[in-house]
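Number of protein chains: 4
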Amino acid sequence: MSEKRVRADARRNEDAVLEAAKAVFASSGVDAPVREIAAKAGVGLGTIYRRFPERSDLVAAVFRREVDTCAAEATALAESHPPGEALVLWLKRYTAFIATKRGLAAALHSGDPAFEKLPGYFRSNFEPALTALLDAAAAAGEVRAGVAAYDLLRAVGNLSIASDEDGPAYTAGMVDLLIDGLRFRAVRPAEK
Amino acid sequence: MSEKRVRADARRNEDAVLEAAKAVFASSGVDAPVREIAAKAGVGLGTIYRRFPERSDLVAAVFRREVDTCAAEATALAESHPPGEALVLWLKRYTAFIATKRGLAAALHSGDPAFEKLPGYFRSNFEPALTALLDAAAAAGEVRAGVAAYDLLRAVGNLSIASDEDGPAYTAGMVDLLIDGLRFRAVRPAEK
Amino acid sequence: MSEKRVRADARRNEDAVLEAAKAVFASSGVDAPVREIAAKAGVGLGTIYRRFPERSDLVAAVFRREVDTCAAEATALAESHPPGEALVLWLKRYTAFIATKRGLAAALHSGDPAFEKLPGYFRSNFEPALTALLDAAAAAGEVRAGVAAYDLLRAVGNLSIASDEDGPAYTAGMVDLLIDGLRFRAVRPAEK
Amino acid sequence: MSEKRVRADARRNEDAVLEAAKAVFASSGVDAPVREIAAKAGVGLGTIYRRFPERSDLVAAVFRREVDTCAAEATALAESHPPGEALVLWLKRYTAFIATKRGLAAALHSGDPAFEKLPGYFRSNFEPALTALLDAAAAAGEVRAGVAAYDLLRAVGNLSIASDEDGPAYTAGMVDLLIDGLRFRAVRPAEK
DNA sequence: GATGAATGAGAGTTCATTCAT
DNA sequence: GATGAATGAACTCTCATTCAT
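Chains as they are written, first to last, in the working numbering: chain A, 3 to 194; chain B, 3 to 194; chain C, 3 to 194; chain D, 3 to 194.
Next comes the structure, spelled out in structure tokens:
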């Protein structure tokens with residue numbers, strides 16, 4: 003059987019769809035018509051519906067894929083940079099992730115069961131990643147301890163939501179301001 | 003004579019529509035069906051369309067009315083509280099204003115000409131109001147100087163957008179963290 | 003479309019929709035596209051959906067209206083004709099009713115809650131009507147007693163389903179054959 | 003050599019498809035998705051379309067196959083039972099045939115050219131079969147003569163259409179009633 | 001030959017906007 | 001002026017049919 007070759011095509015198409023969806027969601031929000039995504043991906047409507055029976059399934063798939071990618075970078079950064087720097091760099095990376103999620107917050111509250119697991123997925127991937135970065139930075143006396151990673155994720159997330167509109171430079175500035183908030187009353191290690 | 007009566011009626015209706023729209027936008031977002039607003043206001047659909055030829059006109063009207071109300075409170079607070087406190091209180095008030103604007107950010111980017119002037123209206127009302135509060139607080143050494151009021155408006159705005167979801171307490175906490183960022187490196191008057 | 007229609011014509015529109023639906027259901031079955039009905043009624047799609055939020059509501063409304071009309075004729079016929087004749091005439095009338103119900107039987111078994119009450123409506127209107135006719139005819143010795151009205155309703159109903167195809171004359175002939183079945187072993191009053 | 007094997011395979015597949023289609027049509031109607039049939043037959047969609055270029059071709063093929071089988075049983079019954087009994091038994095068998103044809107009547111009126119020849123096929127197979135049974139029963143004085151076989155085919159067919167719904171017992175009862183209609187005024191052979 | 005991924009027309013349904021009353 | 005019935009564009013989703021592998 004030529005199953006494998008067919009699958010290769012399918013995989014290519016699935017990638018194309020996810021890429022197109024990511025782009026369309028970023029520019030037009032998660033409520034963008036499925037047709038627009040199909041057109042951008044260069045596939046038929048049915049191809050999308052075959053893999054993602056409801057539009058919400060597609061939204062969820064794009065979301066998960068990007069969460070995976072973004073969370074993976076946290077450890078990479080932690081290994082290649084000093085703690086404070088790694089923290090800031092990753093928050094910036096995370097900022098870019100959020101910037102493509104226009105309209106998702108609203109969708110998450112729509113009650114659609116396809117979205118039910120997304121907040122959990124988000125948290126279980128990002129919270130440990132950011133906690134590690136935060137702990138390391140606190141240990142180095144760069145930031146105050148005791149700030150919940152999850153709260154910070156949401157705060158930076160909210161700050162980043164309008165990034166397209168205000169420009170990345172603005173978002174960066176505000177995240178810096180928030181990090182300054184963390185630095186306020188930070189305790190430097192005694193020996194230092 | 004009858005003109006006057008008619009105007010009074012019209013005004014009453016317009017108020018009812020704006021109040022209803024404000025409530026509906028806050029709970030269902032600015033994409034809520036016009037019908038819902040008409041029903042809540044107790045008027046016919048046509049009455050809304052007479053005054054606000056397109057949906058976006060109604061959104062804009064509600065927005066402007068609330069901007070006016072909120073901006074007016076800045077001066078009131080400045081007169082009745084010490085600078086640092088007035089700043090924090092108003093930011094909290096502003097936080098409540100934003101919390102009812104779910105979906106507006108997206109609408110502002112829709113390209114609808116009815117929304118074109120809204121950002122300008124927002125800025126020209128809120129920026130001076132916050133600048134005054136900020137300057138007073140900086141003069142009192144409560145916060146660092148040099149932070150642009152407009153940037154802060156957007157930052158707090160974004161932090162507040164998800165307030166319903168995360169709870170007002172969370173929003174308050176994050177705004178406090180941001181204000182801590184402002185306090186970081188603030189220069190106390192004595193040292194000046 | 004015509005220029006004059008609205009509130010007073012709402013009634014006219016509802017009638018037009020029901021008439022159009024009746025005709026379309028009769029010719030294309032109850033699964034006919036709503037668009038087709040709208041076109042035939044000369045109204046917009048939304049007009050139909052305003053009154054009949056789901057297509058099944060429209061099907062149900064048409065059904066009820068015709069049940070009412072047809073059942074009412076049973077008593078009229080009973081009063082104006084001798085028992086045996088009234089029975090046959092009404093069954094013929096009922097035959098015409100069924101002939102327009104193509105596809106309804108299947109729809110009734112679809113599990114759609116909008117159809118749940120239809121069989122009950124059908125039965126509670128038609129069964130008493132036919133029972134009266136049957137009893138009178140049996141009392142006159144025209145047909146055998148002991149045949150359940152409901153069974154006969156279904157039998158004649160099924161015989162009539164394809165009437166369009168086979169022609170009313172054929173249906174009439176077969177209903178006659180069925181009635182001959184009823185006459186077989188009928189007990190004449192004198193012999194009683 | 004391999005040709006023979008391929009043919010055997012093909013035949014096996016065709017059989018599987020026809021069996022599956024028969025079952026699916028019986029349970030879900032002739033409008034059931036082709037996919038469902040392919041899945042039940044354990045073949046790919048393409049395999050069905052290779053042999054039956056359109057859905058309607060498959061419907062027609064299933065129909066013809068069952069007509070053949072059912073018609074063949076008429077002669078078998080005539081040889082193994084007395085005339086009146088053979089008639090009743092075959093009508094019951096025919097009743098089962100019809101019971102699996104839900105939705106076909108509507109399809110026949112769709113105007114699809116693939117169905118054009120089906121009524122003729124039906125008639126040319128069943129009419130002689132039933133005529134023979136009817137003539138034999140009339141000759142034996144069991145039923146009245148002069149009833150057209152074709153009319154009776156359609157009548158019993160229509161009575162049977164809803165058999166699933168009303169239950170086979172009900173259908174049997176109504177067919178019996180119809181046969182009683184035939185017995186009404188039957189002329190017993192003088193000598194008997 | 002068989003497979004099933006891909007296609008896209010078409011159907012149901014929603015809701016902004018128009019306009020007769 | 002107010003009302004709400006009517007309109008129809010636009011959206012999601014289904015499934016017959018085609019065709020690359």
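The beta carbon of each residue, even a glycine, is placed where N, CA and C say it ideally should be.
Residues in the stretch 26–46 of chain C with C-beta within 7 Å of chain D's C-beta atoms, listed in sequence order? Taking a C-beta cut-off of 7 Å against chain D, the contacting residues of the stretch 26–46 of chain C are 31, listed in chain order.
With burial defined as no fewer than 16 other Cβ atoms inside 10 Å of the residue's Cβ, what is the status of residue 71 of chain D: buried or exposed? exposed
To be precise: take each residue of the stretch 99–113 of chain B, compare its Cβ to all Cβ atoms of chain A, and keep it if any distance is under 8 Å. Which residues remain? 104, 105, 107, 108, 110 and 111
Using a Cβ-Cβ cutoff of 8 Å, what residues of the stretch 48–61 of chain C are near chain D? List them in chain order. none
Is there contact between the stretch 39–54 of chain B and the stretch 8–19 of chain B, where contact requires at least three CB pairs shorter than 8 Å? The stretch 39–54 of chain B and the stretch 8–19 of chain B touch, with no fewer than 3 CB-CB distances between them shorter than 8 Å.
Any C-beta of chain B under 8 Å from that of residue 7 of chain A: The predicted position of residue 7 of chain A is uncertain, since its pLDDT is 48 and thus under 50; no value can be drawn from it.
By the three-class DSSP mapping on this structure, what secondary structure does residue 182 of chain B have? helix
Just to confirm the assignment, what range does the alpha helix (DSSP H) spanning residue 122 of chain A have? 120–141
Give the residues of chain B in contact with residue 182 of chain A, contact being defined as C-beta atoms less than 7 Å apart. 183 and 186
Within-8 Å CB hit, residue 175 of chain D to chain C: yes
What residues from chain C crowd round residue 135 of chain D, counting only those whose CB sits closer than 8 Å? Chain C residues near residue 135 of chain D: none, gap ~17 Å exceeds 8 Å.
Run through chain A and tell me which residues come within less than 9 Å of residue 172 of chain B, C-beta to C-beta. 153, 156 and 157
CB contact check: residue 89 of chain B to chain A, cutoff 8 Å: no
Give me, in chain order, the residues of the same chain whose beta-carbon lies closer than 8 Å to that of residue 100 of chain C; leave out the 5 immediate sequence neighbours on both sides. Beyond the five residues adjoining it in sequence on each side, residue 100 of chain C comes within less than 8 Å, by CB distance, of 158, 159, 162, 163 and 165 in the same chain, given in chain order.
Taking C-beta to C-beta, are residue 102 of chain C and residue 27 of chain C nearer than 8 Å? yes
Could you tell me which of B:78, B:83 and B:48 sits nearest to residue 142 of chain B, measuring between CA atoms? B:83
Can you list, in chain order, the residues of its chain whose CB lies under 7 Å from that of residue 133 of chain D, leaving out five sequence neighbours each side? 151
How would you list, in chain order, the residues of chain B whose beta-carbon sits under 9 Å from the beta-carbon of residue 179 of chain A? 149, 153, 154, 157, 180, 183, 184 and 186
What's the gap between the Cα of residue 107 of chain A and the Cα of residue 184 of chain B? 28 Å
Helix, strand or coil at residue 65 of chain D [DSSP, three-state]: Taken through DSSP and simplified to helix, strand or coil, residue 65 of chain D comes out as helix.
Runs of alpha helix (DSSP H) wholly within the stretch 15–57 of chain A (minimum 4 residues, chain order): 36–43 and 47–53
Own chain partners of residue 129 of chain A with C-beta closer than 6 Å, once the 5 adjacent residues on each side are dropped: 151 and 152
Residue 140 of chain D and residue 147 of chain D closer than 8 Å at C-beta: yes
Report buried or exposed for residue 115 of chain C, applying the criterion of at least 16 other Cβ atoms within 10 angstroms of its Cβ. Only exposed fits residue 115 of chain C, as fewer than 16 other CB atoms lie within 10 angstroms of its CB.
Straight-line Cα distance separating residue 59 of chain C from residue 67 of chain C: 12 Å
Backbone secondary structure at residue 82 of chain D - three-state DSSP: helix
With residue 174 of chain A and residue 94 of chain A assumed to form a contact (beta carbons below 8 Å), what rounded beta-carbon distance in angstroms separates them? About 6 Å separates the two Cβ atoms, so the contact holds.
Cα-Cα, which of B:53, B:56 and B:22 is closest to residue 40 of chain B? B:22
Beta-carbon separation of residue 155 of chain C and residue 80 of chain C under 8 Å? no
Which term fits residue 182 of chain C, buried or exposed, when burial requires 16 or more other beta carbons within 10 angstroms of its beta carbon? So residue 182 of chain C counts as buried.
8 Å Cβ cutoff met for residue 36 of chain C and residue 13 of chain C: no
Roughly how many angstroms lie between the CA atoms of residue 104 of chain B and residue 126 of chain C, to the nearest whole one? 52 Å
Determine the direct distance from the alpha carbon of residue 111 of chain C to that of residue 123 of chain B, and round the result to whole angstroms. 59 Å
Nonlocal neighbours in the same chain, by C-beta distance under 8 Å from residue 212 of chain C, ignoring five residues either side: Residue 212 of chain C lies beyond the range of chain C shown here (3 to 194); nothing can be said about it.
Which value, in whole angstroms, describes the spacing of the CA atoms of residue 34 of chain A and residue 177 of chain D? 58 Å
Nearest to residue 76 of chain B by CA position, among B:30, B:92, B:121 and B:172, is which residue? B:92
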